[in-house]
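The structure appears right after this line, and notes come after that.
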Amino acid sequence: MFKSERVNYLGILLITIILYGLTYGFKTLDPTNINWLMSAYHDWGTHYLGWAFYRAEDWTFPLGTIENYNYPNGTNIGFTDSIPLMALLIKPFSSFLPDDFQYFGIWLLSCYFLLGIYSFKVFRVLNIKPLYSLLATIMIIANPVLVYRGLHPALCAQWLIVASFYYFLRDSKSNNAISINIHQVCLLAISALITPYLTAMIAIFNVILPVKHYFFDKSLSKKLSFFFPFLSFFIVLVIWYVLGMIDVQGSMNLAYHESYHLMSFNLNSFYNSYGYYSEFLPRFELFSDKQYEGFAYLGFGMIILVISMIAFLMVKFLKRAYTIKNKYFLLFGAGFFIMFFAMTNQVSLGNKILFGYPLPGFIEKIYFTFRATGRFIWVIYYMIFIFSFAIFYKIKLNDTVRYTIVIVLIGIQFYDTKNLLLSKPSKNIEINEFKTKLSDEKWIEIFRQFDEIITYPPFNTNLSTPLDYQDFCFLAIKAGKPITNGYVARINVIKSQNYINSLSQQLRNALIKENQLFITTPQNIENFNVLIAKDRIRLKKLDNYILIYSKSKNLKFEFQENKSDQDMIDSLIKNSKQKDVAISKGNLKETDEIKFYVENFNFENNVIQVEGWAFIKSSIDNSKDSLFVALEKKDEYYKLPTKMFQREDITSTYKTGKLNNSGFKTFMMTDKLRSGNYKVWIAIKDDKGDFKYSKTDRTVEIKTE
């Protein structure tokens, strides 16, 4: 019936289009439609923003550099999961494209189609009839892992795994072995331009394929069997270096220090639908909520097939009527090696750790690089699909019976996973111009008048509302400005902390550049106290955010503030200003009753700023205590109230009582104090009104007129 390969591929294309339309909706294929990506307020928005910033910047080296997103640290197109392969291909034509342009819809469709093509090729290599191959391919195209991973389009290039199976399973002769290995090298190179996770999965095939050709097929020389793995890894390193995912010294920028076993594969994942994605099976417990990374639900139709095939094989093995070719042991061995990697050294079943074992340091470094280890189960996952159908095909059955059984299994599979197949939000989002939850035109007009957009605290993805960084980043790209926000897969912690420290130092010194715009919330206004006290900034309210900029800036924008907005700003300014501090006569008497630590102390530009923690050693509950900082000179002193905040770590560290009310911070303008050398004290007033004093090792020299 399906003699022509072209007809078979057209059939796969038709199946792919139908499944894609049911899952994502055809509106996602419109390259000018970004509404479905940005309205999701999830990973889709992050991936689009990475591409949008990347296309707007000049070419640099490394080629994947993005400077204005996550500014000033920047990032890389590979760390926003924006599919570098597509970004690099399309960026040269960016000036000819519409302002709103996305390639993620066509990418997802391509991933589905290529998975179908290579699945069909695998079954044909195994000498399976075209119609059966086509039916099995339908199950693979609609597999739950691919649909589940739709929010991460880069991770949907799972066709690379099946393509690697295809090249491994092909018969090789001396006249085609080199060609097969070159194709496998190309697959690895493509994966390096998509995501490192797939690169690591494909790399195992680039090792076992030449081994198979040398030891089993005798189609490749020993020299070439070493050459092709070396060539593969060399090409990956070159690609990542040119892209900017490894630095000049070749050390990885991919490491992420997090407990890797929290994102591991759970042994119940093959039958765990999480309770949402199966009509038949309930939710099973996980050891960690983050083990969703190892989602590998087979679907009820596939579970029936797998259990049946396991039973069939057990009977055959007991009768010694079934043997496995030696070269398959190499494939299965590699698959199970990856499976153990996916499980990590903390093997879990349900909410329990079955057993654990120590790992060498260099293995742990690999785990830290690929922290979402559960994803590596995909190699075994697709192996289960392919060989379950292949084994079932070998059972002696009438073709009509065989096809009927497979069609019934497909029906069960689709009914079981219908909630997963039909749950994507993209289908219900219209093709409209995307608008954020903010007053877009106003923000863009304001942004265009500054050179730096600083969300404060910087690098905070949830400034006021969940994922509001996407709104601000979208508006920043529309205004063509850098912004200190953005979600990236890997963070340079040192650079980020250095920038935060420099920004804090700038604010402590009451400095603000005319080209800087700060966006913050009322809860963070205290960080601008010195600037407010020195009357160097303006505060404005827009969409429940506080805008802060230099008083010397001539902003060409009329804020339509109502009375409640102005009252709120006035209240923030009033509460931020220093309270009058009267001089007291006498000397402070030190006691040994206070435990304290000054974490930050700064005295510049006639401003003292102090932050730390303190508590009375004998206190069982300091919830009603008040903290002060005192400045003492000879027989007089000033006592300054502090803003107190919770420090639960103090309670957990000292374990002598409830000491959460121990954190404090304050600042003081010294331009009205008398000149002289002052000693800095910590004072605590307990719930009875009694004061305890301890002298710090800090002194300040105040010079005033």
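Numbering (my numbering), first residue to last: 527 to 1231.
Every residue, glycine too, gets a C-beta built ideally from N, C-alpha and C.
For clarity, every value in this text was computed on a predicted model and none was experimentally measured.
Taking 4 residues as the minimum length, the alpha helix (DSSP H) runs contained wholly in the segment 1042–1119 are 1055–1059, 1089–1102, in order along the chain.
Annotation for Tyr658: the continuous alpha helix (DSSP H) segment containing it runs 656–667. By the CB criterion at 8 Å, Tyr1180 and Asn599 fall outside the cutoff. According to the DSSP assignment, Ile931 belongs to the alpha helix (DSSP H) that extends over 925–942. Residue pairing of Asn1126 in beta bridges, as defined by DSSP: Glu1137. Between the C-alpha atoms of Leu947 and Val673 there is a straight-line separation of about 7 Å.
If you draw a 10 Å sphere on the C-beta of Arg1173, you find 16 or more other C-beta atoms in it, and that means buried.
In terms of CA proximity to Tyr907, Leu793 leads the group Pro1008, Glu956, Leu793. Closest by C-alpha distance to Leu885, out of Lys878, Tyr893, Ile879, is Tyr893. Annotation for Val1226: the continuous beta strand (DSSP E) segment containing it runs 1217–1228. In the displayed model, Asn954 falls within a helix according to three-state DSSP. A buried status is given to Ala898, since no fewer than 16 other beta-carbon atoms sit within 10 Å of its beta-carbon. Using a Cβ distance threshold of 8 Å, Leu993 and Phe973 do not count as a contacting pair. DSSP assignment within the segment 807–895 yields the following whole alpha helix (DSSP H) runs of 4 residues or more, N-terminal first: 826–844, 852–869, 887–895. Counting only the Cα atoms, His787 lies some 24 Å from Pro679. One Cα belongs to Gly551, the other to Phe639, and the distance between them is close to 15 Å.
Residue state for Tyr674 is assigned as helix, using DSSP reduced to three classes.
With fewer than 16 neighbouring CB atoms inside 10 Å of its own CB, Pro618 falls in the exposed class. Under a 10 Å Cβ-count criterion, Pro1008 is classified as buried, with 16 or more other Cβ atoms of the shown protein chains found around its own Cβ. Within the same chain, Lys553, Asp556, Asn559, Asn561 come within 7 Å of Ile957 by CB-CB distance, once the 5 residues on both sides are set aside. Relative to the Cα of Phe1141, the nearest Cα in the group Leu856, Tyr818, Ala1209, Tyr1075 belongs to Ala1209. For Val1206, the enclosing beta strand (DSSP E) starts and ends at 1202–1211. For Phe1154, the enclosing beta strand (DSSP E) begins and ends at 1152–1159. Judged by DSSP in its simplified three-state form, Thr1192 adopts strand. Cα atoms of Ser790 and Pro670: separation of roughly 18 Å, rounded to the nearest angstrom. Pairing Ala662 with Phe940 gives a Cβ-Cβ distance that is not under 8 Å. Three or more beta-carbon pairs separated by less than 8 Å link the segment 900–919 to the segment 826–837, which places the two stretches in contact. Here Leu857 is buried. Its C-beta has 16 or more other C-beta atoms within 10 Å. Here Lys851 is exposed, its C-beta having fewer than 16 other C-beta atoms within 10 Å. When the Cα atoms are used, Thr895 and Asn1080 turn out to be separated by approximately 48 Å. Contact between the segment 1080–1095 and the segment 1015–1031 is not established, with fewer than three Cβ pairs separated by less than 8 Å. According to DSSP, Glu1162 shares a beta bridge with Lys1111, Lys1159. Cβ-Cβ distances below 7 Å link Leu1057 to Leu1033, Ala1036, Ile1038, Ile1063 in the same chain, with the five nearest sequence neighbours on each side left out; the list follows chain order. Note on geometry: alpha-carbon atoms of Val768 and Pro656 lie some 42 Å from one another. Per the C-alpha coordinates, the member of Ala715, Val533, Asn1041, Val1155 positioned closest to Lys1218 is Val1155. Between Glu1158 and Leu1199, the beta carbon gap of about 12 Å keeps them out of contact (Cβ cut-off 8 Å).
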